[in-house]
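> Sharing a structure with you now.
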Amino acid sequence: EHHHSYELSVTPGSLVHYTLPPLFFYKPNLWWPNGMGKQSLYNIEISVDVKGFGESDSWSHQFGFRKIESTIDQATGGRLFRVNGQRVFIRGGNWILSDGLLRLSAKRYMTDIKFHADMNFNMLRCWGGGLAERPEFYHYCDIYGLLVWQEFWITGDCDGRGIPVSNPNGPLDHNLFLLCAQDTIKLLRNHASLALWVGGNEQTPPKDINSALMNYLKLHPLFKFYDENSNVC
Amino acid sequence: MATLGKMKLDSGWLAARSTEVEATGVQLTTTTPPSGPSSPWMEAAVPGTVLGTLLKNKLVPDPFYGLNNEAILDIADSGREYYTFWFFTTFETKLMENQHAALNFRGINYSGKAYLNGHERILPKGMFRRHSLDITDILNPDGKNLLAVIIYPPDHPGAIPPQGGQGGDHEIGKDVAAQYVEGWDWMTPIRDRNTGIWDEVSISITGPIKLSDPHLVSSFFDNYKRAYLHTTVDLENKSSAPAECTLTIQVSAGLDEEIFLL
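Chains as they are written, first to last, in our numbering: chain A, 82 to 314; chain B, 19 to 280.
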């Protein structure tokens, strides 16, 4: 449906962060959570050719067009989720991890996640004491329509609210925590099913970590601009 | 000539407890590589954890049955070196001119060192971070490469109090790693704290330009009739010459079950 090419040059040994012009779609097939519609996914391929060499690298991903919002509902005090503007009644389950020896095959993930979809769930909450789940986990959540609530690695018990109270200031190395968080965000951010990043389980991360995470994850100003000026395009 | 793209290293791995291996990482990947699964070396489960490898070789009972977990030595009692393991494998890769190769670990727990053909590379701490090592200049000319990786457990594996409890003595919270491994009200402790090469290992081959971390975001207008796909991507020029590039993006609708692409 869409095939676009752009020319650019990259100087030796340098790294360029390149933003492509936005691609316009009219009435794209939208991605919906389990039970609300189809989980339409588009194959996106990005490749780079170098003059005098040919194709140098390529990358592909199954992408879902969807808009996920969540706010605290004043009436209930609970978190209200909307997907593509529609309110969602969340039927969710806790997810720690699939196997305590981390034997995490794609086949295992497919079986586990389809099982939850067959149980009519539409959200999995990845608990902060477990893993930042893997791309294969998210791939099958994309396919079966399970929204994902992904927590970072803070739990009340180990970070300031346990018995005995321990690590009130979280992990020893905050920079390492934030480096891991950044890398994890880059690893997972393109998945349609990723609905919510959460600082930790039953505990707010230490102030410096929490504000850095809020900063990494805030909506890019460009999209705020687009959202607020919807006729801008 | 090496094919562009990613080659997973998920078979043919060996493992050995570090305290039972005399050779250094340089020796293992040059003069004295292990010959096969003969003691102290054993077949390894990679990706996986040390316990997963020990279970694969029936050196521990399966912790998920009965009280077997009680029969497995906890790292608090054994010390970190007991669960510090070497992993070893070989792979073939022959680069063409102006091709570049990277060795990628999508997740190790908790830190380590990789040795490739006698060259050492550090794998810094952290369970939830990727490592990508440029190995273009340290591949063997004949295409046969020897890789050894030593993996160290979390710095603070902690100890499990007699009464158990959520997160044991909480020491694991000092590291950036999964915390359930000290045990919780629904889970017994994991004796090796999930130490190991727990996620995918791969070799990626590119030309002079390498793509990384594309970011895709969609925005909507007119009640979802109009949509835009916003894309950013990093391009890294691994070569010593300027690169004139053509960047292409192609979007095709996923095929429904009843539609086939001829």
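Even for Gly, the Cβ is constructed at its ideal location relative to N, Cα and C.
1) Should the segment 99-118 of chain B be regarded as contacting the segment 190-208 of chain B, the criterion being three or more beta carbon pairs within less than 8 Å?
2) Kindly indicate if chain A contains any beta-carbon less than 8 Å away from that of residue 238(B).
3) Assuming residue 227(A) is part of the beta strand (DSSP E), what are its boundary residues?
4) Taking Cβ-Cβ distances shorter than 7 Å, what residues in chain B pair up with residue 274(A)?
5) Quick one: grab the DSSP three-state call for residue 255(B).
6) Identify which residue in 53(B), 61(B), 23(B), 21(B) has its Cα closest to the Cα of residue 33(B).
7) Rounded to whole angstroms, how far is the Cβ of residue 137(B) from the Cβ of residue 271(A), which I believe are closer than 8 Å?
8) Measure how close the beta-carbons of residue 171(B) and residue 102(B) come, nearest whole angstrom, since I'm counting them as under 8 Å.
9) Compute the distance between the beta-carbons of residue 220(B) and residue 24(B), then report whether it is under 8 Å.
10) Can you name the residues of chain B whose CB is closer than 8 Å to the CB of residue 56(A)?
11) Report the neighbours of residue 140(A) on chain B: residues whose CB is nearer than 8 Å to its CB, in chain order.
12) From this set, 97(B), 142(B), 174(B), 226(B), which residue's C-alpha is nearest residue 154(B)'s C-alpha?
13) Examine chain B for any beta-carbon lying closer than 8 Å to the beta-carbon of residue 207(A), and answer yes or no.
14) Counting only beta-carbon separations shorter than 8 Å, does residue 260(A) have a partner in chain D?
15) Using DSSP with H/G/I as helix, E/B as strand and the rest coil, what is residue 214(A)?
16) Start and end of the alpha helix (DSSP H) containing residue 134(B)?
17) Let me check you understand the geometry: is the CB of residue 68(B) closer than 7 Å to at least one non-hydrogen atom of the ligand GTP?
18) Can you list, in chain order, the residues of its chain with a C-beta nearer than 8 Å to that of residue 251(B)? Leave out the 5 residues immediately preceding and following it.
19) Quick one: which residues of the segment 208-221 of chain A get their C-beta closer than 7 Å to a C-beta of chain B? List them in chain order.
20) For residue 141(B), which residues from the same chain have a beta carbon less than 7 Å from its beta carbon, with the 5 sequence-adjacent residues on both sides left out?
21) Within this structure, are the beta carbons of residue 85(B) and residue 209(B) separated by less than 8 Å?
22) My output table needs one value for residue 191(A): the three-state DSSP class, helix, strand or coil.
23) Our contact map puts residue 101(A) next to residue 87(A) with C-beta atoms below 8 Å; I'd like the distance itself, whole angstroms only.
24) Are three or more beta carbon pairs between the segment 256-275 of chain A and the segment 202-217 of chain A nearer than 8 Å?
25) Name, going along the chain, the residues of the segment 110-143 of chain B whose beta-carbon falls closer than 7 Å to a beta-carbon of chain A.
26) Restricting to Cα atoms, I'd like to know which of 121(A), 188(A), 252(A), 153(A) is closest to residue 291(A).
27) Taking C-beta pairs closer than 7 Å, name the residues in chain B that residue 270(A) reaches, listed in chain order.
28) Using a Cβ-Cβ distance cut-off of 8 Å, determine whether residue 153(A) contacts chain B.
29) Identify which residue in 194(A), 203(A), 127(A) has its Cα closest to the Cα of residue 162(A).
30) Strictly by DSSP, which residues pair up with residue 54(A)?
31) Flag this pair as touching only if the segment 235-255 of chain B and the segment 139-158 of chain A have three or more C-beta atom pairs under 8 Å; answer yes or no.
32) Using a C-beta cutoff of 8 Å, does residue 212(B) count as contacting chain A?
33) May I ask you to report which of helix, strand or coil DSSP gives residue 230(B)?
34) Does the beta carbon of residue 171(B) sit closer than 8 Å to a beta carbon anywhere in chain A?
35) Nearest CA to the CA of residue 73(A): which residue from 165(B), 241(B), 152(B), 254(B)?
Answer, in terms of the structure:
1) no
2) Along the second sequence, read from residue 1 onward, the residue named residue 238(B) stands at position 220. With 8 Å as the cut-off, residue 238(B) counts as an interface residue toward chain A.
3) For the purposes of this step, residue 227(A) is taken as residue 146 along the first sequence, with counting starting at 1. Looking at the DSSP string, residue 227(A) is not in any beta strand (DSSP E), and its letter there is neither H nor E.
4) For this step, residue 274(A) is matched to residue 193 along the first sequence. By Cβ distance, chain B contributes nothing, its closest Cβ being about 14 Å from residue 274(A), past 7 Å.
5) The sequence position of residue 255(B) within the second sequence is 237, counting from 1. Strand at residue 255(B).
6) Numbered from its first residue, the second sequence carries residue 33(B) at position 15. Among 53(B), 61(B), 23(B), 21(B), the Cα nearest to that of residue 33(B) belongs to 61(B).
7) Looking up residue 137(B) in the second sequence gives position 119. Looking up residue 271(A) in the first sequence gives position 190. Not confirmed; about 33 Å, so no contact.
8) On the second sequence, position 153 is the one that residue 171(B) refers to. On the second sequence, position 84 is the one that residue 102(B) refers to. Correct: roughly 6 Å between the Cβ atoms.
9) By 1-based counting over the second sequence, the position of residue 220(B) is 202. By 1-based counting over the second sequence, the position of residue 24(B) is 6. Yes; because the gap between Cβ atoms is below 8 Å, this pair is in contact.
10) Here chain A comprises residues numbered 82 to 314, so residue 56(A) is not present and cannot be evaluated.
11) Here residue 140(A) is taken as the residue at index 59 of the first sequence, counted from 1. The contacting residues are 229, 232, 251.
12) Reading the second sequence from its first residue, position 136 is the one you call residue 154(B). The residue with the shortest Cα to Cα distance from residue 154(B) is 226(B).
13) As a first step, residue 207(A) is located in the first sequence; it is residue number 126 there, counting from the start. Judged by the 8 Å Cβ criterion, residue 207(A) is not in contact with chain B.
14) Structure shown: chain D not included; protein chains present are A and B.
15) Position 133 of the first sequence, counting from 1, holds the residue named residue 214(A). Three-state result, residue 214(A): coil.
16) The residue you call residue 134(B) lines up with position 116 of the second sequence. Residue 134(B) -> not in any alpha helix (DSSP H); beta strand (DSSP E) instead, spanning 129-134.
17) For the ligand GTP, the structure offers nothing, since it holds no ligand at all.
18) The residue labelled residue 251(B) in the question sits at position 233 within the second sequence. Answer for residue 251(B): 229, 230, 231, 232, 233, 265, listed in chain order.
19) 210, 211, 212, 213, 215
20) Taking the first residue of the second sequence as 1, we reach residue 141(B) at position 123. For residue 141(B), where only same-chain residues beyond five positions count, the Cβ hits under 7 Å are 123, 126, 129, 130, 131, 132, 149.
21) By 1-based counting over the second sequence, the position of residue 85(B) is 67. By 1-based counting over the second sequence, the position of residue 209(B) is 191. No, the Cβ-Cβ distance between residue 85(B) and residue 209(B) is not below 8 Å.
22) Your numbering for residue 191(A) matches position 110 in the first sequence. Of the three classes helix, strand and coil, the one that applies to residue 191(A) here is helix, per DSSP.
23) Along the first sequence, one-based indexing puts residue 101(A) at 20. Along the first sequence, one-based indexing puts residue 87(A) at 6. Confirmed, about 6 Å.
24) yes
25) 116, 143
26) As a first step, residue 291(A) must be located in the first sequence, where it is residue number 210. Among 121(A), 188(A), 252(A), 153(A), the Cα nearest to that of residue 291(A) belongs to 252(A).
27) Position 189 of the first sequence, counted from the first residue, corresponds to residue 270(A). Chain B residues near residue 270(A): 233.
28) Counting from one through the first sequence, the residue named residue 153(A) turns up at place 72. No, because no Cβ of chain B sits closer than 8 Å to the Cβ of residue 153(A).
29) Residue numbering aside, residue 162(A) sits at position 81 when the first sequence is read from its first letter. It is 203(A).
30) With chain A covering 82 to 314 only, the question about residue 54(A) has no answer from this structure.
31) yes
32) The count along the second sequence starts at 1 and reaches residue 212(B) at position 194. Closer than 8 Å to some Cβ of chain A, the Cβ of residue 212(B) qualifies, so yes.
33) For the purposes of this step, residue 230(B) is taken as the residue at position 212 of the second sequence. Residue 230(B) falls in the strand class under three-state DSSP.
34) Locating residue 171(B) in the second sequence gives position 153, where the first residue counts as 1. It does not; no Cβ of chain A falls within 8 Å.
35) Lying before the first or after the last residue shown, residue 73(A) is absent from chain A, which here runs from 82 to 314.
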